[in-house]
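The block underneath contains the structure these notes are about, expressed in structure tokens.
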Amino acid sequence: MRAQKAEALLAGKPFSAELALEAGKVAAEEITPIDDARSTAWYRREVVKAITHDALQTAWQRAGEQGSRKQEAGSEKRDSPNPQSRIPNSEIELTVNGEQHRLRVRPNELLLNVLRERLELTGAKYGCGIGECGACTVLLNGQPVLACLVLAIAVDGSEVLTVEGLQGPNGELDPLQESFIEQNAFQCGYCTPGMLMMTKNLLQENPSPTEDEIREHLKGNRCRCTGYTAITRAVTSCTATGRS
Numbered sequence: 000m001r002a003q004k005a006e007a008l009l010a011g012k013p014f015s016a017e018l019a020l021e022a023g024k025v026a027a028e029e030i031t032p033i034d035d036a037r038s039t040a041w042y043r044r045e046v047v048k049a050i051t052h053d054a055l056q057t058a059w060q061r062a063g064e065q066g067s068r069k070q071e072a073g074s075e076k077r078d079s080p081n082p083q084s085r086i087p088n089s090e091i092e093l094t095v096n097g098e099q100h101r102l103r104v105r106p107n108e109l110l111l112n113v114l115r116e117r118l119e120l121t122g123a124k125y126g127c128g129i130g131e132c133g134a135c136t137v138l139l140n141g142q143p144v145l146a147c148l149v150l151a152i153a154v155d156g157s158e159v160l161t162v163e164g165l166q167g168p169n170g171e172l173d174p175l176q177e178s179f180i181e182q183n184a185f186q187c188g189y190c191t192p193g194m195l196m197m198t199k200n201l202l203q204e205n206p207s208p209t210e211d212e213i214r215e216h217l218k219g220n221r222c223r224c225t226g227y228t229a230i231t232r233a234v235t236s237c238t239a240t241g242r243s
């Protein structure tokens, strides 16, 4: 996703801290974020503004560092095509679905990649990669997060629950999973793991949500197949009210 107005602002101008800050503001105005259970639209704009500013500052600093290294006479040190490659990997410990793991992760490695590629837990799906679809939702210390936006190094010492962890010790499905099946609350199923984790969190915090509260909690989870009627019905049947 490109911030074309921010690009136009930067084109042909000498770099400065003030220009980077202005580009961040323009980029934040270009996006159309949503309000959902994870964060507000205002917060998402603030994040885009900060990330854009920091990225431009970092890019400018790296460009200067690379230029200085290339000008060093007689230097035998080879320039790294990726300055981040000099940052060492870090060891983290985390508990996933009740099992402890110790891993060495790259500085820029995402939690989603660790879950899918390192631990082979493929329930969390890669959808948009920018935190807008909800397909990668997992619970981090009991709270829903988007695994495509969380750095693995940031979850050191944490507990992660994925959709695989909803099953019982003998493989029996969680009542919420059973309800999704009974109510035909999925079609292709790609969004379903994220929906399950998001609504699992909702029911833990509020055992008797209204239909409006269920829909509000799922605002950040996209389904392009079924709509939300069957999904809402499935969650409702698992509420304290629905079971009575």
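The sequence shown lines up with residues 0 to 243 when you count with numbering that gives the first Met the number 0.
Beta carbons: idealized from backbone N, C-alpha and C, even for Gly.
Please state whether the Cβ-Cβ distance between Cys222 and Ile230 is less than 8 Å.
Walking along the sequence shown from the start, residue 222 turns up at place 223. Walking along the sequence shown from the start, residue 230 turns up at place 231. Yes, the pair counts as a contact, with Cβ atoms nearer than the cut-off.
Leaving out the 5 sequence neighbours to the left and right, which residues in its chain are closer than 7 Å to Thr121 when beta-carbon positions are compared?
For the purposes of this step, residue 121 is taken as residue 122 along the sequence shown, with counting starting at 1. Excluding residues within five positions, the ones whose Cβ falls inside 7 Å are Arg115.
Could you work out which residue in Ile33, Leu175, Ile180 and Val154 is closest to Ala203 when comparing CA atoms only?
Working through the sequence shown from its first residue, we reach residue 203 at position 204. Looking at the sequence itself, residue 203 is Gln, so the reference to Ala does not match. It is Leu175 whose Cα lies nearest to the Cα of Gln203.
Quick check: does the Cβ of Ala184 come within less than 7 Å of any heavy atom belonging to the ligand NAD?
This structure lacks the ligand NAD, and indeed carries no ligand of any kind.
Give the DSSP-derived three-state secondary structure of Ile91 in the structure shown.
As a working mapping, residue 91 is identified with position 92 in the sequence shown. DSSP places Ile91 in strand when its eight states are reduced to three.
Endpoints, the beta strand (DSSP E) within which Pro174 is located
As a first step, residue 174 must be located in the sequence shown, where it is residue number 175. It is not in any beta strand (DSSP E) - Pro174 instead sits in the alpha helix (DSSP H) that spans Pro174 to Glu181.
For Arg214, which of helix, strand or coil comes out of DSSP?
Translated into positions along the sequence shown, residue 214 becomes position 215. Arg214 falls in the helix class under three-state DSSP.
Identify the continuous beta strand (DSSP E) that holds Pro208 and give its terminal residues.
Against the sequence shown, residue 208 aligns to sequence position 209. For Pro208, no beta strand (DSSP E) encloses it, and the DSSP letter there is neither H nor E.
Hey, quick one: how far does the alpha helix (DSSP H) through Val25 stretch, first residue to last?
One-based indexing of the sequence shown puts residue 25 at position 26. For Val25, the enclosing alpha helix (DSSP H) starts and ends at Ala16 to Glu29.
Could you please give the first and the last residue of the uninterrupted alpha helix (DSSP H) stretch that includes Thr238?
As a position in the sequence shown, residue 238 is number 239, starting the count at 1. Here Thr238 belongs to no alpha helix (DSSP H), and DSSP marks it neither H nor E.
Taking the alpha-carbon of Gly133 as reference, which of Gly97, Ala2 and Arg37 has the nearest alpha-carbon?
Counting from 1 along the sequence shown, the entry for residue 133 is found at position 134. Here the closest residue by C-alpha is Arg37.
Once you ignore the five residues that flank Leu93 on each side, which residues in its own chain have a CB closer than 8 Å to its CB?
Locating residue 93 in the sequence shown gives position 94, counting from the first residue. Apart from sequence neighbours up to five positions away, the residues of its chain that approach Leu93 with a beta-carbon distance below 8 Å are Gln99, His100, Leu102, Val154, Asp155, Gly156, Ser157, Glu158 and Val159, ordered along the chain.
Separation of Ala40 from Ala49, as counted between CA atoms:
On the sequence shown, residue 49 is found 50 positions in, with the first residue counted as 1. On the sequence shown, residue 40 is found 41 positions in, with the first residue counted as 1. Going by C-alpha positions, Ala49 is about 14 Å away from Ala40.
Closest to Thr161 by C-alpha separation, out of Leu138, Gly167 and Ile152, would be which residue?
Your numbering for residue 161 matches position 162 in the sequence shown. Closest by alpha carbon: Leu138.
Considering only the alpha carbon of each residue, which of Pro208, Val234, Leu55 and Asp34 lies closest to Gly130?
Working through the sequence shown from its first residue, we reach residue 130 at position 131. It is Asp34.
Identify every residue that forms a DSSP beta bridge with Glu98.
Walking along the sequence shown from the start, residue 98 turns up at place 99. When beta bridges are read from the DSSP output, Glu98 appears opposite Val95.
For Leu110, count neighbouring C-beta atoms within 10 Å of its own C-beta (all shown protein chains included) and say buried if the count is 16 or more, exposed if not.
Translated into the one-based positions of the sequence shown, residue 110 becomes position 111. Around the beta carbon of Leu110, 16 or more other beta carbons sit within 10 angstroms, so the residue counts as buried.
Specify, as a first and last residue, the run of the alpha helix (DSSP H) that Leu8 falls within.
Your numbering for residue 8 matches position 9 in the sequence shown. The continuous alpha helix (DSSP H) containing Leu8 extends over residues Gln3 to Leu9.
In or out: Ala58 buried (at least 16 other Cβ within 10 Å) or exposed?
Looking up residue 58 in the sequence shown gives position 59. Ala58 comes out exposed.
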